[in-house]
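Structure, as C-alpha cells:
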Amino acid sequence: MEFKTLDDLKKYLQLLEKHRHHPEDYVFGIEIEGALVDKEGKPLEVKELIPHLNNIYQDFEFGGEAGACQLEIRSFPRNFSTEMLREKEEYLHDAIEDIVEVAEKVHKTDAIFLLLGANPHPDVLSDKWISNTIRAKTMARWRSQFPSIKIANKKIRPEHIALAIQSIHIHIQGKGPEDVADKFNRLLYMVPEHIAISANSPVVGGEVVDYAEARLLLYEMADGGNAGLPKLRKYPISLIEYGEYVSSFQPILAKSLTEMIKERHEDNRIRFEIPFRVENRVCPVQCTIRENMALIEYIIGRLKYAQRWSRRDYPTLKEIEINRLEAIKESIRGNFIWSGKSISIRDYLMENIEKAEKGLKSLDAQPRYLQILKRRIIRKKTPADVIRRWFRRGGDEKEGIAYLVNKIWEHTIKNRPII
C-alpha cells in the first residue's frame, strides 16, 4: 500500500483503530550492498549479473544501486531466530561465491565482491560509474548543485559519493504504529554505538582519512541534508509526527509520502509500507558474512532489551549528535557523554553487549555471533584499524588498494572475521 499524502496515512491509522490488527513482532529483513571489483580494485559493472542471480535464488533478490559497480542483496522478511540467522549466513556466503562466478564469466577476469563501507578505488568517483537508471541519474544531477567536498588531499564531487558507499540495512517489523514509533526512537539514541562498533571506512578513493567511519560524513555533505542523523526537533511519538517531519522537506523526485521517505537517506527511518517497520541504515557493510550477522544480532537484541527493560529517559537529540560525531572520529577509543556525564565508549559497548544478550534470550534466541563484536571491544579495535593498516602496508596508492581488496577478499571468501 502506498500513502500518497499525510491524509492517506491518517485515514489508514484511523481505520486500524476500528479494526485492530496485530502483526508479528521482530520479523526482519536485510539489504547488503557490495561493490564488484577486479583484483586491482578497479570497478566492474553488475548490470549483466543481476538477471542471472535472480534466476538462481528464491530467498534473495538482487538489484543495482547508485553506482554501476554496486550490487544489493535483499532478503525477504522472516521471523527472527538463531536458526534463521544461521541459514542466512550460509545462503549469503553461497551467494557471494555465485556473484563472483557469474562476474568472472561475464567480464572474463578475476573478480572480487568487496564488502566494505567505502570503495577505496578512485576510479569509481566519476560520472562513468553512475548507474544508468532514471533515479540514479536524477539524484546525481540534484547532488551536483552542491560544492565539492575536501577529504584528505582529494576533492570529491557530491554526485560521486553515493557511488563509493556500501552499507547494511536492517528492517524490523513492529507490533503496530505505536510500537514502530517506539522502535524508531530507541534506535535513534543507539546510532552512536552502532557506528562505533561497526566502523570500517577510513579509506575513500585512495585516500586515508582521520575518521574511522568517513562515509557517513561524506554522504551527509553530499546529500544536501537528506542524510545523517534525522533533523528532528523532538522524538516523534507517533507515525503521524514522523510523517509530518518527512513531508516538511521538499521532495526531489518523489510523488508520494512513501517515496519521500526513501529520499531521506538518514541513519534510521520509518518505512510507510504495510506492515510498518523501522529501517536501521547507519552501519557499513562488514567484510565477512559472519560479521554482518553479528551486527544484526546486536541491533535486534539491544533493541529488544531497550523495549522490554529500559527505564532511562531518552537522551537529548543534541547529545546523540555529539556522540555520533565522536563515534565517527574515534570509534571504540573515544568517550560518550550521556546526561552530562562522560563514559568510555568501550565500557558503554561492553554493557550493551550484555543487554543485547539478554534481549536475544527474551526472543528465545541464543547469541551465536555476538562474541565477534565482544572481541572488538575487548581489544579496543575495529575493522577500521585493520583496513587502515592493510592499505598502508601495500606501498603506493595503486599497490595499497590492490593489497587491501585482496586481503579483505581472503577473509570474505573464508568467512573469517578480520578481527
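Quick note: the sequence shown uses my numbering, first residue 535, plus one each step. Glycine is no exception: its CB is placed at the ideal position from the N, C-alpha and C atoms. Since the model is a prediction, treat every value here as computed from it, not as a measurement.
{"Check": "Span of the beta strand (DSSP E) around Val634", "Outcome": "Careful: Val634 lies outside any beta strand (DSSP E), inside the alpha helix (DSSP H) at 616-641."}
{"Check": "Nearest neighbour of Phe925, chosen from Pro770, Pro654, Thr616, Gly893 [CA to CA]", "Outcome": "Pro654"}
{"Check": "Best match in Ile630, Gly598, Gly934 for proximity to Pro585 [C-alpha to C-alpha]", "Outcome": "Gly598"}
{"Check": "CB-CB length for Trp709 against Asp881, believed under 8 Å", "Outcome": "Sequence check: residue 709 is Lys here, not Trp. Not quite, the Cβ-Cβ distance comes to about 33 Å (not below 8 Å), so this is no contact."}
{"Check": "Beta-carbon proximity of Leu752 to Ile699, cut-off 9 Å", "Outcome": "yes"}
{"Check": "CA nearest to the CA of Ile564, picked from Pro901, Leu907, Asn814, Thr946", "Outcome": "Asn814"}
{"Check": "Burial state of Asp716, where buried means 16 or more other Cβ atoms lie within 10 Å", "Outcome": "buried"}
{"Check": "Beta-ladder partner(s) of Leu570, from DSSP", "Outcome": "Phe647"}
{"Check": "Own chain, CB closer than 8 Å to Leu773, minus 5 neighbours either side, in chain order", "Outcome": "Leu543, Leu547, Pro711, Val714, Ala715, Ile804, Phe806, Phe810"}
{"Check": "Stretch pair the region 632-639 + the region 612-621: three plus CB contacts closer than 8 Å", "Outcome": "no"}
{"Check": "Stretch pair the region 730-745 + the region 849-869: three plus CB contacts closer than 8 Å", "Outcome": "yes"}
{"Check": "Range of the contiguous alpha helix (DSSP H) that encloses Lys671", "Outcome": "668-677"}
{"Check": "Opposing strand residues paired with Glu605 [DSSP bridges]", "Outcome": "It is worth fixing the name first, because residue 605 is Leu in this sequence and not Glu. DSSP, once it has assigned bridges, lists Gly568, Gly598 as partnering Leu605."}
{"Check": "Segments assigned alpha helix (DSSP H), at least 4 residues, entirely inside the region 699-766", "Outcome": "711-732, 748-756"}
{"Check": "Closest by C-alpha distance to Arg824, when choosing among Ser735, Arg554, Pro951", "Outcome": "Pro951"}
{"Check": "DSSP three-state assignment for Ala861, whether helix, strand or coil", "Outcome": "helix"}
{"Check": "For Leu787 and Thr672, the rounded distance between their alpha carbons", "Outcome": "8 Å"}
{"Check": "Collapsed DSSP secondary structure at Lys948 in the structure displayed", "Outcome": "helix"}
{"Check": "Three-way DSSP call (helix, strand, coil) for Ala788 in this model", "Outcome": "coil"}
{"Check": "Sheet register partners of Phe562 (DSSP bridge)", "Outcome": "Arg612, Ile706"}
{"Check": "Test item: CB-CB of Ser609 and Gly651 under 9 Å", "Outcome": "no"}
{"Check": "Same chain, Cβ closer than 8 Å to Val742, five either side skipped, listed in chain order", "Outcome": "Ala686, Pro736, Arg922, Phe925, Arg926"}
{"Check": "Cβ separation of Leu856 and Ile871, assumed to be a contact under 8 Å, to the nearest whole Å", "Outcome": "Going by the sequence as given, residue 856 is Ile instead of Leu. At roughly 6 Å, the Cβ-Cβ gap stays under 8 Å, so Ile856 and Ile871 are in contact."}
{"Check": "Boundaries (first-last residue) of the alpha helix (DSSP H) holding Pro654", "Outcome": "Note, Pro654: premise wrong, no alpha helix (DSSP H); not H, not E."}
{"Check": "DSSP state of His555 mapped onto helix, strand, coil", "Outcome": "coil"}
{"Check": "Host beta strand (DSSP E) of Arg956 (start-end)", "Outcome": "Past the boundaries of the shown model lies residue 956; the chain is included only from 535 to 953, so the question cannot be answered."}
{"Check": "Gly929 burial status per 10 Å Cβ neighbour count (16 or more: buried)", "Outcome": "exposed"}
{"Check": "Identified DSSP bridge partners for Lys689", "Outcome": "Lys684"}
{"Check": "Bounding residues of the alpha helix (DSSP H) (the contiguous stretch that carries Ser896)", "Outcome": "879-896"}
{"Check": "Range covered by the beta strand (DSSP E) that runs through Phe783", "Outcome": "Counting along the chain, Phe783 falls outside any beta strand (DSSP E), and DSSP gives it neither H nor E."}
{"Check": "Residue interval of the beta strand (DSSP E) (run including Ile953)", "Outcome": "No beta strand (DSSP E) contains Ile953, which DSSP labels as neither H nor E."}
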